[in-house]
Amino acid sequence: MEQSRVAGTVILNLQDGHKKFLVQKTDDTVSFIQTTINDSFTSLACILEKLTQSAGLDSGAMDLVELTNINIENEKLPLFVFSLDEECIDFYSLNSEFLWEEPATLRMVLQDFNVSGVPFLN
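Numbering (our numbering), first residue to last: 1 to 122.
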């Protein structure tokens, strides 16, 4: 049986008022960050572990701002959206497979998925 997956992104609130979004880069494409769900943990715990262990973010500094579902390859995944202020991160310590992208890039990523209950990302 294939393990279930969970997806997530982080809205970075820049000090100048602009926003950036955390995405995962694979080859020449960007997508929501995804990980498998460990049976011993909740989907929230699994995506938080991915964001802290792989992306190097501080889970204590993030707020959960949205939870919705997306369909990827005929699989329905929970999509957790977190918010984080710029002063809480070190841009230079981010793993190279993760990128902070402009909202236009996230809109392109959203076009690739069937999103139920489109998240309100302001």
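Glycine included, every Cβ here is placed at the ideal spot set by N, Cα and C.
(message) So, under 8 Å CB-CB, F41 and G8 are touching, yes? Tell me the CB distance rounded to an integer number of Å.
(response) Walking along the sequence shown from the start, residue 41 turns up at place 41. Walking along the sequence shown from the start, residue 8 turns up at place 8. In fact, because the Cβ distance is near 14 Å, the residues do not count as touching under 8 Å.
(message) From the DSSP secondary-structure annotation, give me the bridge partner or partners of T35.
(response) Here the question's residue 35 lines up with position 35 in the sequence shown. Beta-bridge pairing links T35 to V6.
(request) Measure the CB-CB distance between V81 and I37 and report whether it falls below 8 Å. (result) Sequence index remark: in the sequence shown, residue 81 carries index 81 (1-based). Sequence index remark: in the sequence shown, residue 37 carries index 37 (1-based). Not closer than 8 Å, so no.
(message) Using only the alpha-carbon positions, how far apart do L94 and G56 sit?
(response) In the sequence shown, the residue the question calls residue 94 occupies position 94. In the sequence shown, the residue the question calls residue 56 occupies position 56. Those two C-alpha atoms are separated by around 6 Å.
(request) For the segment 75 to 92 and the segment 59 to 67, state whether three or more C-beta atom pairs, one from each stretch, are separated by less than 8 Å. (result) yes
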